[in-house]
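Undergrad: Line order of the protein sequences matches chains A and B.
Residue numbers 528 to 1091, in my numbering, belong to the letters of the first sequence in order.
Residue numbers 924 to 1065, in my numbering, belong to the letters of the second sequence in order.
Got a structure here, written out as structure tokens. Questions coming.
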Amino acid sequence: MVAEKEKKGNEKVVAWRYREKRPLEFNTESGIGVKELYCPEDMSDFKYERDLNCSGEFPYTRGIHDNMYRGRIWTRRVFVGLSSPFETNERFKYLIERGESGLILIPDVPTQMGIDPDHPRAREETGVTGTPLYAMKCMEEAFEGISLDSVSVDLRGESPFVAASFFAQFVANAEERGDDIAKLRGSLINDNIHQNLSFGWGFTCPMKPNMRLCVDIIEFCVKHVPKWHPFSLAGYDVSETGANAIQEVAFNFGAAIAYVEAAMERGLDYGDFGHRIAFSMSTSINFFETIAKVRAARRVWARIAKNRFGATKPEACQLICSVKTAGSSLTEQQPINNIVRNAIEALAGVLGGTQSLDVCGYDEALALPSEEAAAVALNTQHIIAYETGAADTVDPLGGSYYVEWLTNKIEEGVNEYLEKIDEMGGMLVAEEKGWLRKEIQEEVIRKHKEVEEKKRIVVGVNDFIIPKDQEIPLPIKMADKEEQEKASKKIVAAVRRLRETRDHEKVKEALKGIHSKLEKDENMIRPMVEAFKVNATMGEILGVIREFYGYNYDPFDVIANPFV
Amino acid sequence: MNMIENTTGRKIRILVGKPGLDCHDRACVVLCQAFRDAGMEVIYTGPYQPPERIAETAIEEDVDVIALSLLDGRHMTHFPRQMEVLKERNAADICVVGGGRIPEKDKPLLEKMGITGNYGAGTPLNVIVDHIIERVKKERGI
């Protein structure tokens, strides 16, 4: 409490500062000890060209473009995953009208698991924490009236298995609309290791088909959708699961190395797709650590690309990243304070030099962001871009003793982790062994303990607490059981109607086409696109692929393949 | 004997479960550790469990308490269903506690069904542990 009334004797208000005890030691969120003062000695073996260099120059510590935001402001995004593609479309348009330059589409959990809304396990969950995306018509509704070559679209597909399905839906819809797919811009989370690590969806799709589809997407994009980022690593989700700054970067890179090596094994040239890899990263409320993390990540990745993959083109050494403010840093208590947290984190992303930024809604600790919260999230970005001056010069913190020291520390930590992962036999092995999960869980418990023991103050949670009825009221739309059930019923009815009205024979043919491409070991994206065009559903397409690999048609083993 | 055995007669066996398809299980990791630290025996089912599976595991493992956590707003569907399933399987004597992202207005409704606690993020762990001990003591007539 800021001030507490003394119970005994005369009631007096005692100011907080008289009781405040500052800790003896200070640490960043990931546990790096912070010194009282940083001086030139802390950068004693510093070499400008080697460690920083100018922006747009190897190792890109200061930014991948020479003029950074003076040339173009980062892509401003706010995530959308409302309970129907129609509502999602309305929100997209609302945000585009307010200056959004990139869209993010979040699917619901059944979609992420690769099951259709009318699946017995999905019926009550469809449209709950994201948009159901089971057929081409979902994409048609979600992007209706939006010019696809004017915005970049981030499809949060998570596992390659599901990402391939989304992407095929997206491409099918674009082609049906008459758009040139070579002009499509956007990115796709296409990262099996992280989705399993963060969400435990590994059982919905085994590793082998996942790795195949991951590379299929890369291959398809290199040839046909050159402006797309075919694999974006889901570091953000790992961070939200509990990974600290160092782990987040290291696991991101460990996974990227595994996918790049798989693609190179297929015969793809790193130079042809290296520049299309993107990394999704989280901010944390730990301001300087976030800035140092993004800067260090660029430097480490540039060296990995050059030394490990033999990249020669500059673009193939540049780390493209998208940063989202940390949902886990937001509090249910006094949600208005989340506006401040989001703004500070967003600024850290910008000072770190991100290519794209997604700011959480102030209500995100409690509900899916309302229209109002989404607008504030977007305006936060406009304010940073145009009012603060943070975008007026490149890497304004470059050369700061503390920031450079911290950047070095993060780099050291990341390299240590990468060595461990290599020793273990790579990221796939580390994941399978459960080692990654164990590392993260230890971190979750450590971080929570710090808050429990008040070693880390969270305003409104473990200090500066006020009674609920004194909180500043905000318009927050809490989930409502009746509304959710109504929405779910509507979606289930829609998918059933689709199954009844489509040309059954054409669907059957298309699914056969998928099967034959699987047998021939050919790229799966085109046949998936064609299957979506004749209104096959995601559950059906992915079911056929699962069966081909010797697994049940249905990951929950509740329904059977209706086409047999 | 640990503190819990002293106060409640014997060890508390607790199952931590997430019914439905909610993936947010960071809190469960923390809670499992807190329950273990308090001397309880903990079984964690992981996410994506149907209530039937949670009930089966709870019965097989002979637990005293089921702790349910949901953050996706589906608690008013899955928590009551869990109670129904337990009743159907003659396991209504297992104490059920809830938590997650539960709006104030839902709390009395859940309490009425016998689902107590219903704590949200930021609740000190000892508050949750103490609540569970109290419920078990009541159940055991201590």
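Glycine included, every Cβ here is placed at the ideal spot set by N, Cα and C.
Candidates A:R604, A:D1048, A:F1083 and A:E958: which alpha carbon is nearest A:P647's?
TA: On the first sequence, position 120 is the one that residue 647 of chain A refers to. Among A:R604, A:D1048, A:F1083 and A:E958, the Cα nearest to that of A:P647 is on A:F1083.
Undergrad: So with Cβ pairs under 8 Å, would you call B:V952 a contact of chain A?
TA: Residue numbering aside, residue 952 of chain B sits at position 29 when the second sequence is read from its first letter. It does; some Cβ of chain A falls within 8 Å.
Undergrad: Enumerate, from N- to C-terminal direction, the unbroken beta strand (DSSP E) stretches of 3 or more residues contained entirely within the region 720 to 799 of chain A.
TA: The qualifying runs are 755 to 761.
Undergrad: Identify whether B:P1003 lies in helix, strand or coil by the three-state DSSP scheme.
TA: Numbered from its first residue, the second sequence carries residue 1003 of chain B at position 80. Looking at B:P1003 - three-state DSSP - the assignment turns out to be helix.
Undergrad: Should A:S1043 be labelled buried (16 or more other beta-carbon atoms within 10 Å of its own) or exposed?
TA: Along the first sequence, one-based indexing puts residue 1043 of chain A at 516. Exposed, by the Cβ-count rule.
Undergrad: To the nearest angstrom, report how far apart A:D1030 and A:H909 are at their CA atoms.
TA: Position 503 of the first sequence, counted from the start, is the residue given in the question as residue 1030 of chain A. Position 382 of the first sequence, counted from the start, is the residue given in the question as residue 909 of chain A. Rounded to the nearest angstrom, the two C-alpha atoms are 48 Å apart.
Undergrad: What's the C-alpha gap between B:K1060 and B:G932?
TA: As a working mapping, residue 1060 of chain B is identified with position 137 in the second sequence. As a working mapping, residue 932 of chain B is identified with position 9 in the second sequence. If I take the Cα positions, the gap works out to 9 Å.
Undergrad: When burial is assigned at 16 or more other CB atoms within 10 Å of the CB, is A:I948 buried or exposed?
TA: The sequence position of residue 948 of chain A within the first sequence is 421, counting from 1. Buried, because 16 or more other Cβ atoms sit within 10 Å of the Cβ of A:I948.
Undergrad: Could you spell out the range, first to last residue, of the beta strand (DSSP E) harbouring B:N1041?
TA: Working through the second sequence from its first residue, we reach residue 1041 of chain B at position 118. Start and end: I1038 to Y1042.
Undergrad: Give the residues from the region 970 to 993 of chain B that approach chain A closer than 9 Å (Cβ to any Cβ), ordered along the chain.
TA: Cβ contacts with chain A come from P970, Y971 and P973.
Undergrad: With a threshold of 7 Å on Cβ separation, who are the neighbours of B:M924 within its own chain once the five nearest residues in sequence on each side are excluded?
TA: Counting from 1 along the second sequence, the entry for residue 924 of chain B is found at position 1. Confidence at B:M924 is low in this model, with a pLDDT of 45, below 50, so the placement of that residue should be treated as unreliable; the coordinate-derived value is given next. Counting only Cβ-Cβ distances below 7 Å, and skipping sequence neighbours, we find nothing.
Undergrad: Just checking: is the beta-carbon of A:Q882 within a distance shorter than 8 Å of some beta-carbon in chain B?
TA: Indexing the first sequence from 1 puts residue 882 of chain A at position 355. It does not: the Cβ of A:Q882 has no partner Cβ on chain B nearer than 8 Å.
Undergrad: Counting contacts by CB-CB distance shorter than 8 Å, is A:M528 in contact with chain B?
TA: Here residue 528 of chain A refers to the residue found at position 1 when the first sequence is read from its first residue. Bear in mind that a pLDDT of 45 at A:M528, under 50, signals an unreliable position, so the model cannot answer this.
Undergrad: Using a threshold of 8 Å, state whether the C-beta atoms of A:E627 and A:R597 are closer than that.
TA: One-based indexing of the first sequence puts residue 627 of chain A at position 100. One-based indexing of the first sequence puts residue 597 of chain A at position 70. For A:E627 and A:R597, no; Cβs fall outside 8 Å.
Undergrad: Is it the case that the Cβ atoms of A:V1093 and A:L711 are separated by a distance below 8 Å?
TA: Chain A is shown from 528 up to 1091; residue 1093 of chain A falls before or after that span and cannot be answered.
Undergrad: Could you name the residues of chain B that A:L893 contacts, counting a contact when the two beta carbons are closer than 7 Å?
TA: Looking up residue 893 of chain A in the first sequence gives position 366. Neighbours of A:L893 on chain B, chain order: R1024.
Undergrad: Using a beta-carbon distance below 8 Å, is B:T1000 in contact with chain A?
TA: For this step, residue 1000 of chain B is matched to residue 77 along the second sequence. Closer than 8 Å to some Cβ of chain A, the Cβ of B:T1000 qualifies, so yes.
Undergrad: If you draw a straight line from the C-alpha of B:D987 to the C-alpha of A:V765, how long is it?
TA: Residue mapping note: residue 987 of chain B aligns to position 64 of the second sequence, counting from 1. Residue mapping note: residue 765 of chain A aligns to position 238 of the first sequence, counting from 1. In a straight line, the C-alpha of B:D987 is about 33 Å away from that of A:V765.
Undergrad: Near A:Q882, what residues of its chain come up, given a Cβ to Cβ distance below 7 Å and the 5 sequence neighbours on each side ignored?
TA: For the purposes of this step, residue 882 of chain A is identified with residue 355 of the first sequence, where counting begins at 1. Same-chain partners within the cutoff: W601, T602, I847, C848 and S849.
Undergrad: Given that B:A1044 touches chain A, what residues does it touch there, using C-beta distances under 9 Å?
TA: Along the second sequence, read from residue 1 onward, the residue named residue 1044 of chain B stands at position 121. Per Cβ cutoff of 9 Å: T858, E859, Q860, A892 and V988.
Undergrad: Rounded to whole angstroms, what's the CA-CA distance from B:V1008 to A:P994? Just pull it up for me.
TA: Stepping through the second sequence from its first residue, residue 1008 of chain B is reached at position 85. Stepping through the first sequence from its first residue, residue 994 of chain A is reached at position 467. Distance between the alpha carbons of B:V1008 and A:P994: 37 Å.
Undergrad: Return the residue from the list A:K574, A:P1089, A:E1027 and A:E556 that minimises the CA-CA distance to A:I937.
TA: On the first sequence, residue 937 of chain A is found 410 positions in, with the first residue counted as 1. The shortest C-alpha separation from A:I937 is found at A:E556.
Undergrad: For A:G879, report the span of its alpha helix (DSSP H) as first-last.
TA: Here residue 879 of chain A refers to the residue found at position 352 when the first sequence is read from its first residue. N864 to G879 is the extent of the alpha helix (DSSP H) around A:G879.
Undergrad: DSSP beta-bridge partners for B:P942?
TA: Here the question's residue 942 of chain B lines up with position 19 in the second sequence. The partner list for B:P942 (beta bridge, DSSP) reads B:Q972.
Undergrad: B:R959 by DSSP, collapsed to three states: which one?
TA: Counting from one through the second sequence, the residue named residue 959 of chain B turns up at place 36. Looking at B:R959 - three-state DSSP - the assignment turns out to be helix.
Undergrad: Note down, in chain order, each residue of its chain lying with its Cβ closer than 6 Å to the Cβ of A:H756, except the 5 sequence neighbours on either side.
TA: What you label residue 756 of chain A is simply residue 229 of the first sequence in a count that begins at 1. For A:H756, where only same-chain residues beyond five positions count, the Cβ hits under 6 Å are S714, R803 and A805.
Undergrad: Ends of the alpha helix (DSSP H) at B:A990?
TA: As a position in the second sequence, residue 990 of chain B is number 67, starting the count at 1. Element bounds for B:A990: not the alpha helix (DSSP H) but the beta strand (DSSP E), V988 to L993.
Undergrad: Determine which residues share a DSSP beta bridge with A:S807 and list them.
TA: For the purposes of this step, residue 807 of chain A is taken as the residue at position 280 of the first sequence. A:A761 and A:S849, per the DSSP bridge assignment.
Undergrad: Rounding to the nearest angstrom, what Cα-Cα distance links A:A772 and A:T1028 in this structure?
TA: As a working mapping, residue 772 of chain A is identified with position 245 in the first sequence. As a working mapping, residue 1028 of chain A is identified with position 501 in the first sequence. In a straight line, the C-alpha of A:A772 is about 50 Å away from that of A:T1028.
Undergrad: Which residues in chain B sit within 7 Å of A:A1006, going by Cβ to Cβ distance?
TA: For the purposes of this step, residue 1006 of chain A is identified with residue 479 of the first sequence, where counting begins at 1. G996, listed in chain order.
Undergrad: Since B:P1031 meets chain A, which of its residues come closer than 8 Å, beta carbon to beta carbon?
TA: Indexing the second sequence from 1 puts residue 1031 of chain B at position 108. Neighbours of B:P1031 on chain A: none; closest Cβ ~15 Å, over 8 Å.
Undergrad: What's the call for B:D1053, buried or exposed, on a 16-neighbour Cβ count within 10 Å?
TA: Translated into the one-based positions of the second sequence, residue 1053 of chain B becomes position 130. Exposed: under 16 other Cβ atoms inside 10 Å.
Undergrad: Look up A:A918 in the DSSP assignment and say whether it is helix, strand or coil.
TA: Along the first sequence, read from residue 1 onward, the residue named residue 918 of chain A stands at position 391. Looking at A:A918 - three-state DSSP - the assignment turns out to be coil, as it is neither helix nor strand.
Undergrad: By a C-beta neighbour count over all protein chains shown, 10 Å radius and 16 as the cutoff for buried, is A:V540 buried or exposed?
TA: Counting from 1 along the first sequence, the entry for residue 540 of chain A is found at position 13. Counting Cβ neighbours within 10 Å, A:V540 comes out exposed, since fewer than 16 surround it.
Undergrad: To the nearest angstrom, how far is it from the Cα of A:A494 to the Cα of A:K1060?
TA: No statement about residue 494 of chain A is possible, as the shown extent of chain A runs from 528 to 1091 and does not include it.
Undergrad: Go through its chain and collect everything with a Cβ distance to B:I1038's Cβ below 6 Å, but skip five positions before and after it.
TA: Counting from one through the second sequence, the residue named residue 1038 of chain B turns up at place 115. Only F1002, V1019 and G1021 meet the Cβ criterion.
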